[in-house]
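Trainee: Quick one: the structure is below, questions incoming.
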Amino acid sequence: MFQIMPILSAMMRNKGSVSLIIIQIALTLAIVSNATFIISERIAMMQRDTGLPVEEIFSVNSFFFDDRVDPIDQISLDARRLREMPGVISATSINQVPLSGSGDSWGVRDKREIEGAKVAYTGVYTGDHHTLSTLGQTVSQGRDFNADDVLHLRNEVQMPKAAIVTSALAKELFADENAIGKYIYTGPTDTAEPIEIIGVVAQMQGSWVHSDIVEKNVFFPVVNSWNSMTLVVRAEQSALDSIALEMEDVLLGLEKNRVVGEPRTMAKMKKRSYQRDRLMTNMLLVIVAVLIFITALGIAGVSIFNVNRRRKQIGTRRALGASKGDIVSYFMTESALIAAVGIVIGTLLTFTLNTFLMKQFSTTSLSLDYLLFTMVGIVLISQISAFWPAKKATHISPAIATRSA
Amino acid sequence: MFIYYLQIAMKSLLKTKVTSALMVIAIACGIGISMTALTLNHMTDNNPIAHKNDQLFSLQLMTVDRAVDGWYADGRYPYQLTYQDATNIVRDNPKMTLAAMYKSGFAVRNETQTSKPFLKAARLTTRHFFTMFDMPFLYGSTWSEKADQDGANVVVISEEMNIKIFGGGDNTNKQIYLDNTLFTVVGITKSWNPAPKFYDVNNGPFQDIEQFFVPIALSPIMEIGSWGNNNGWKDEIVNNHQDKLQSEVMWLQFWAQLDSTEEKEAFEQYLAGYISEQKKLGRFNRDDAGAKLSNVQQWLDLNNVVGDDSNVLVGVSFMFLAVCLVNTIGLLLAKFLRSAPEVGVRRALGASKGQVFMQHLIEVGLLGFIGGLLGLVMANIGLYLLRSQFNGFNVVATMDMTMLFAAPIIAILATTIAGLYPAWRVCTTLPSVHLKTQ
Numbered sequence: 052m053f054q055i056m057p058i059l060s061a062m063m064r065n066k067g068s069v070s071l072i073i074i075q076i077a078l079t080l081a082i083v084s085n086a087t088f089i090i091s092e093r094i095a096m097m098q099r100d101t102g103l104p105v106e107e108i109f110s111v112n113s114f115f116f117d118d119r120v121d122p123i124d125q126i127s128l129d130a131r132r133l134r135e136m137p138g139v140i141s142a143t144s145i146n147q148v149p150l151s152g153s154g155d156s157w158g159v160r161d162k163r164e165i166e167g168a169k170v171a172y173t174g175v176y177t178g179d180h181h182t183l184s185t186l187g188q189t190v191s192q193g194r195d196f197n198a199d200d201v202l203h204l205r206n207e208v209q210m211p212k213a214a215i216v217t218s219a220l221a222k223e224l225f226a227d228e229n230a231i232g233k234y235i236y237t238g239p240t241d242t243a244e245p246i247e248i249i250g251v252v253a254q255m256q257g258s259w260v261h262s263d264i265v266e267k268n269v270f271f272p273v274v275n276s277w278n279s280m281t282l283v284v285r286a287e288q289s290a291l292d293s294i295a296l297e298m299e300d301v302l303l304g305l306e307k308n309r310v311v312g313e314p315r316t317m318a319k320m321k322k323r324s325y326q327r328d329r330l331m332t333n334m335l336l337v338i339v340a341v342l343i344f345i346t347a348l349g350i351a352g353v354s355i356f357n358v359n360r361r362r363k364q365i366g367t368r369r370a371l372g373a374s375k376g377d378i379v380s381y382f383m384t385e386s387a388l389i390a391a392v393g394i395v396i397g398t399l400l401t402f403t404l405n406t407f408l409m410k411q412f413s414t415t416s417l418s419l420d421y422l423l424f425t426m427v428g429i430v431l432i433s434q435i436s437a438f439w440p441a442k443k444a445t446h447i448s449p450a451i452a453t454r455s456a
Numbered sequence: 206m207f208i209y210y211l212q213i214a215m216k217s218l219l220k221t222k223v224t225s226a227l228m229v230i231a232i233a234c235g236i237g238i239s240m241t242a243l244t245l246n247h248m249t250d251n252n253p254i255a256h257k258n259d260q261l262f263s264l265q266l267m268t269v270d271r272a273v274d275g276w277y278a279d280g281r282y283p284y285q286l287t288y289q290d291a292t293n294i295v296r297d298n299p300k301m302t303l304a305a306m307y308k309s310g311f312a313v314r315n316e317t318q319t320s321k322p323f324l325k326a327a328r329l330t331t332r333h334f335f336t337m338f339d340m341p342f343l344y345g346s347t348w349s350e351k352a353d354q355d356g357a358n359v360v361v362i363s364e365e366m367n368i369k370i371f372g373g374g375d376n377t378n379k380q381i382y383l384d385n386t387l388f389t390v391v392g393i394t395k396s397w398n399p400a401p402k403f404y405d406v407n408n409g410p411f412q413d414i415e416q417f418f419v420p421i422a423l424s425p426i427m428e429i430g431s432w433g434n435n436n437g438w439k440d441e442i443v444n445n446h447q448d449k450l451q452s453e454v455m456w457l458q459f460w461a462q463l464d465s466t467e468e469k470e471a472f473e474q475y476l477a478g479y480i481s482e483q484k485k486l487g488r489f490n491r492d493d494a495g496a497k498l499s500n501v502q503q504w505l506d507l508n509n510v511v512g513d514d515s516n517v518l519v520g521v522s523f524m525f526l527a528v529c530l531v532n533t534i535g536l537l538l539a540k541f542l543r544s545a546p547e548v549g550v551r552r553a554l555g556a557s558k559g560q561v562f563m564q565h566l567i568e569v570g571l572l573g574f575i576g577g578l579l580g581l582v583m584a585n586i587g588l589y590l591l592r593s594q595f596n597g598f599n600v601v602a603t604m605d606m607t608m609l610f611a612a613p614i615i616a617i618l619a620t621t622i623a624g625l626y627p628a629w630r631v632c633t634t635l636p637s638v639h640l641k642t643q
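Chains as they are written, first to last, in our numbering: chain R, 52 to 456; chain L, 206 to 643.
See below:
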């Protein structure tokens with residue numbers, strides 16, 4: 052069973068190809084464990100709970116170029132008309148769409164005075180009392196906005212009296228205290244008015260999925276008069292496509308002095324926001340898959356070579372009474388030894404590569420599970436790759452020992 | 206001799222079809238993947254105006270009085286300028302080639318308003334924009350100095366828009382509606398699509414170039430809002446466009462063409478003077494407040510246009526290529542050593558070490574060439590997949606001539622280096638050893 056000494060001496064006589072396989076295994080270990088770590092981190096990020104009915108929402112932009120049109124009146128008429136359409140659950144105008152990658156962000160604080168206040172940066176959603184239901188949000192504490200809370204601002208300035216915050220924002224500002232009834236402030240000290248928190252939403256992701264403020268969001272019951280306004284529609288998933296298709300005609304039918312943009316589904320916006328992560332995971336997955344394949348081929352190739360070179364030696368051993376099992380285990384042990392050396396060097400290489408990647412990304416260090424899994428995988432692959440040539444070696448006739456070549 | 210060696214190499218490769226195929230596949234995979242990653246990196250790393258790299262400078266000003274949540278701490282300058290600074294500097298230097306600019310957009314219709322309006326991005330800038338960035342004109346030219354000072358309803362449109370609105374031809378002096386205002390077309394530019402969009406990387410480095418250009422002096426007159434990033438840090442009240450023009454909100458890009466060192470120094474001196482003048486007015490309150498000029502390449506680097514992911518992918522894919530090559534060396538070694546008896550005979554018959562070495566290296570090079578070509582095909586399939594699966598990769602994910610030539614050369618070089626050791630091993634075998642056993 053344990054023929055380590057003769058194996059080692061055989062290996063030493065064949066340093067070239069053995070060290071090549073060791074290098075290959077070391078590199079493979081370093082690449083695969085780091086790549087799978089990056090892949091799984093990115094996938095985990097993409098699969099985070101958005102807190103949104105992503106598949107039920109789309110948005111469409113309406114750009115008013117005619118000053119005679121009042122955007123606020125028009126957009127509320129639009130939303131009302133959309134809510135009547137079959138399949139539509141809710142519709143309203145919002146300043147930004149979650150997961151879209153663009154929108155508004157402000158700093159809000161827990162005190163009127165800027166000095167000494169705790170400031171939290173947050174995604175700011177302005178819209179009317181249909182906003183939360185359109186985004187599929189329910190208020191977990193406190194209450195939703197009602198029509199009386201909503202300010203319609205036409206070139207005038209006023210801060211809202213009420214706000215609804217996500218629990219992540221509440222926690223940032225007020226730690227574990229109950230946020231309902233507390234006040235937040237924004238703007239210069241001398242003009243900041245208290246805004247009362249009337250509701251808390253359990254969890255909702257905002258516009259910038261790669262930002263650390265993604266879970267921190269605030270809703271203000273304000274509709275501003277802009278020439279470019281965004282309508283958000285939530286509808287039954289089955290009706291989404293047909294509604295999106297009719298959209299432009301419906302809106303132009305209500306007012307033709309505007310440009311209606313392409314409807315964009317939230318699913319598509321989400322996909323686009325994570326585009327570079329998908330690119331990274333896809334490329335790395337391809338690399339890992341091909342790498343494993345190539346390494347397996349390499350190990351098999353060198354094993355075949357070794358078997359061929361040692362035909363005579365194998366025949367002699369067989370003639371001297373070695374069983375077929377002895378021959379197989381000889382080559383498998385050799386392969387395992389090579390893999391072991393490769394893994395030791397590879398572990399050092401893995402951490403070197405990880406340190407470099409941490410510098411590039413400033414992320415967490417490699418979790419050891421990935422290294423261990425890759426190690427086990429490499430041992431398995433090296434054993435499987437060595438098995439077939441070893442099996443072939445058992446077919447070598449003991450009679451070969453008597454021949455000259 | 207070379208042709209003859211090539212023939213032997215071909216024969217030798219065909220004799221061991223399986224091993225050869227494995228080696229070619231390994232090289233092709235390595236080249237295919239690393240070329241895909243390298244092309245992405247190379248195209249994003251592109252400097253589309255390299256010939257004016259040392260003449261064009263992007264300006265940054267430290268107008269932010271305090272670090273905001275870590276931003277603007279430790280000497281990191283904001284990427285954009287306030288409207289007041291951008292327009293002040295242009296006004297103070299009427300003789301210089303300067304461009305203050307921002308992105309906006311309009312609903313566009315033809316003069317008779319019969320066409321259905323469409324929404325298009327536009328850039329508000331100064332008349333120098335086109336000469337600074339070498340944007341060629343098909344018809345007409347940029348607007349007048351007076352339009353830069355007082356604003357005028359004039360527009361430069363792109364070739365594409367000229368075709369879309371008018372169906373092509375010289376349409377300067379014709380009019381179109383931007384929103385509800387009539388604009389006169391003064392110039393039509395030739396198709397131009399630099400990637401990355403170096404003059405405004407802040408609003409998406411691979412977004413399409415705007416196709417309408419109007420004088421930035423119209424901004425206060427028509428109250429044309431921004432379609433780009435607006436970064437505020439000060440707790441000030443900005444309720445409308447006029448407030449914003451006076452505010453500390455940063456939302457403009459600024460470029461200067463400085464043709465000589467003297468010119469650059471003079472401009473830097475002016476900027477220092479401008480900052481101290483503004484200090485008296487209560488702005489630029491930081492001790493380290495100043496101005497920073499970056500040339501195009503520095504600007505692209507500063508904005509990290511290539512991105513960390515792209516660099517990591519190149520690194521990992523080249524490590525992958527290394528594994529493929531190590532794999533190839535192993536297979537080559539096995540293959541060459543198997544042919545050692547044959548080499549022994551040739552050596553005994555008078556072939557020199559050098560000839561045997563060359564012969565094997567040529568075989569390796571041939572292998573690299575075939576692998577490289579196949580790798581090129583694989584890389585193009587990879588890039589095709591990128592273009593079809595991801596948005597905004599149309600310009601980026603295509604191979605230019607540099608990359609097209611780089612692939613087979615890298616493949617041949619890499620495999621030849623990989624083949625040095627096996628070729629050396631085989632030519633150092635003693636002829637006598639093999640002759641005996643035959």
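Every residue gets a Cβ at the ideal spot worked out from N, C-alpha and C, and that includes glycine. Every value quoted in this text rests on a predicted model; they were computed, and no experiment measured them.
What is the C-beta distance between SER416 (chain R) and ASN405 (chain R), in whole angstroms, given that I count them as a contact (C-beta under 8 Å)?
Mentor: Right, the Cβ-Cβ distance comes to about 6 Å (below 8 Å), so this counts as a contact.
Trainee: Assign ILE615 (chain L) to buried or exposed, taking buried as 16 or more other Cβ atoms, counted over all protein chains shown, within 10 Å of its Cβ.
Mentor: By the 10 Å Cβ count, ILE615 (chain L) comes out buried.
Trainee: Comparing the C-beta of ILE567 (chain L) with each C-beta of chain R, is any distance below 7 Å?
Mentor: No, because no Cβ of chain R sits closer than 7 Å to the Cβ of ILE567 (chain L).
Trainee: Find the nearest neighbour of VAL631 (chain L) within the set L:VAL550, L:SER431 and L:PHE323, judged by alpha-carbon distance.
Mentor: Looking at the Cα atoms, L:VAL550 is the closest of the given residues.
Trainee: So which of L:ILE575, L:GLY495 and L:ASN585 has the shortest CA-CA distance to TYR282 (chain L)?
Mentor: The shortest C-alpha separation from TYR282 (chain L) is found at L:GLY495.
Trainee: Using a C-beta to C-beta distance shorter than 8 Å, which residues of chain R count as neighbours of VAL531 (chain L)?
Mentor: Within chain R, the residues near VAL531 (chain L) are LEU71, ILE74, GLN75, LEU78 and GLY349.
Trainee: So the beta strand (DSSP E) ASN268 (chain R) belongs to, where does it begin and stop?
Mentor: Where ASN268 (chain R) is concerned, the enclosing beta strand (DSSP E) stretches over 268-271.
Trainee: So for GLU247 (chain R), helix, strand or coil by DSSP?
Mentor: GLU247 (chain R) falls in the strand class under three-state DSSP.
Trainee: Looking at the structure shown, is ASP144 (chain R) part of a helix, part of a strand, or coil, going by DSSP?
Mentor: In the sequence under discussion, the amino acid at residue 144 (chain R) is Ser, which differs from the Asp named in the question. Looking at SER144 (chain R) - three-state DSSP - the assignment turns out to be strand.
Trainee: In terms of residue numbering, what span does the beta strand (DSSP E) encompassing HIS333 (chain L) cover?
Mentor: No beta strand (DSSP E) holds HIS333 (chain L); DSSP gives it neither H nor E.
Trainee: Please report the straight-line C-alpha distance between GLY520 (chain L) and ASN444 (chain L), rounded to a whole angstrom.
Mentor: Those two C-alpha atoms are separated by around 48 Å.
Trainee: Between L:ASP514, L:ILE238 and L:LEU537, which lies nearest to LYS410 (chain R) when the distance is taken from Cα to Cα?
Mentor: Of the candidates L:ASP514, L:ILE238 and L:LEU537, the one whose C-alpha sits nearest the C-alpha of LYS410 (chain R) is L:ASP514.
Trainee: With 7 Å as the threshold, decide whether the Cβ of GLY576 (chain L) is near any Cβ in chain R.
Mentor: Judged by the 7 Å Cβ criterion, GLY576 (chain L) is not in contact with chain R.
Trainee: I need the DSSP call for TRP460 (chain L), collapsed to helix, strand or coil.
Mentor: Three-state DSSP puts TRP460 (chain L) in a strand.
Trainee: Give me the Cβ distance between ASN268 (chain R) and THR217 (chain R), rounded to the nearest whole Å; I'm assuming they're in contact under 8 Å.
Mentor: Contact flag correct, Cβ pair sits at about 5 Å.
Trainee: In three-state terms, what does DSSP make of GLY235 (chain L)?
Mentor: In the structure shown, GLY235 (chain L) sits in a helix (DSSP, three-state: H, G or I).
Trainee: Can you check whether the C-beta of MET524 (chain L) is within less than 7 Å of a C-beta belonging to chain R?
Mentor: Interface residue, yes.
Trainee: Assuming PHE446 (chain L) is part of the alpha helix (DSSP H), what are its boundary residues?
Mentor: Correcting the residue type first, residue 446 (chain L) is His in the shown sequence and not Phe. It spans 446-451 - the alpha helix (DSSP H) in which HIS446 (chain L) sits, taken as one unbroken run.
Trainee: Using a 10 Å radius around the Cβ and a threshold of 16 neighbouring Cβ atoms, would you call ALA219 (chain R) buried or exposed?
Mentor: Its Cβ being crowded by 16 or more others within 10 Å, ALA219 (chain R) is buried.
Trainee: Let's see if you can read the secondary structure: which residues bound the beta strand (DSSP E) around THR389 (chain L)?
Mentor: Where THR389 (chain L) is concerned, the enclosing beta strand (DSSP E) stretches over 386-394.
Trainee: Quick test of your reading: SER431 (chain L) and TRP456 (chain L), contact by CB under 8 Å. State the CB separation rounded to the nearest angstrom.
Mentor: Yes, SER431 (chain L) and TRP456 (chain L) are in contact; Cβ-Cβ is about 5 Å, under 8 Å.
Trainee: Taking GLY312 (chain R) as the reference, give the member of R:LEU133, R:LEU103, R:SER70 and R:VAL111 with the closest Cα.
Mentor: For the residues R:LEU133, R:LEU103, R:SER70 and R:VAL111, the minimum Cα distance to GLY312 (chain R) belongs to R:VAL111.
Trainee: Taking 7 Å as the cut-off, decide whether the C-beta atoms of SER239 (chain L) and SER522 (chain L) are in contact.
Mentor: Contact: yes.
Trainee: Which chain L residues are close to ASN206 (chain R), counting only those with a beta carbon under 7 Å from its beta carbon?
Mentor: Correct list: ASN445.
Trainee: Keeping to the same chain, check which residues put their C-beta closer than 6 Å to that of MET604 (chain L); ignore five residues upstream and five downstream.
Mentor: So the qualifying residues of the chain are THR244.
Trainee: Under a Cβ-count criterion, where at least 16 other Cβ atoms within 10 Å of its own Cβ denotes burial, should TYR589 (chain L) be classed as buried or exposed?
Mentor: Result: exposed.
Trainee: Quick check on ILE55 (chain R): does DSSP put it in helix, strand or coil?
Mentor: Note: ILE55 (chain R) maps to helix in three-state DSSP.
Trainee: Could you name the residues of chain L that ASP124 (chain R) contacts, counting a contact when the two beta carbons are closer than 8 Å?
Mentor: Ordered by position in chain L, no residue passes the 8 Å Cβ test against ASP124 (chain R), which lies about 18 Å from the chain.
Trainee: Are the C-beta of ASP227 (chain R) and some C-beta of chain L separated by less than 7 Å?
Mentor: Not closer than 7 Å to any Cβ of chain L, the Cβ of ASP227 (chain R) fails to qualify, so no.
Trainee: Quick one, are the C-beta atoms of GLY102 (chain R) and GLN256 (chain R) less than 7 Å apart?
Mentor: Their beta carbons are under 7 Å apart, which means GLY102 (chain R) touches GLN256 (chain R) by this criterion.
Trainee: Shortest alpha-carbon distance to TYR382 (chain L) belongs to which of L:LEU579, L:LEU536 and L:VAL359?
Mentor: That would be L:VAL359, whose Cα lies nearest to the Cα of TYR382 (chain L).
Trainee: Pick out whichever of L:ASN407, L:GLN412, L:LEU618 and L:ILE442 has its Cα sitting closest to the Cα of THR242 (chain R).
Mentor: Of the listed residues, the one whose Cα sits closest to THR242 (chain R) is L:ILE442.
Trainee: Can you name the start and end residues of the alpha helix (DSSP H) that TYR288 (chain L) belongs to?
Mentor: It spans 288-297 - the alpha helix (DSSP H) in which TYR288 (chain L) sits, taken as one unbroken run.
Trainee: Counting beta carbon pairs with one atom in the region 354-367 of chain R and one in the region 82-92 of chain R, are three or more of them shorter than 8 Å?
Mentor: No, they do not touch.
Trainee: Please list the segments of the alpha helix (DSSP H) lying wholly inside the region 339-390 of chain L, counting only runs of 4 or more residues, in order along the chain.
Mentor: The qualifying runs are 350-355 and 364-371.
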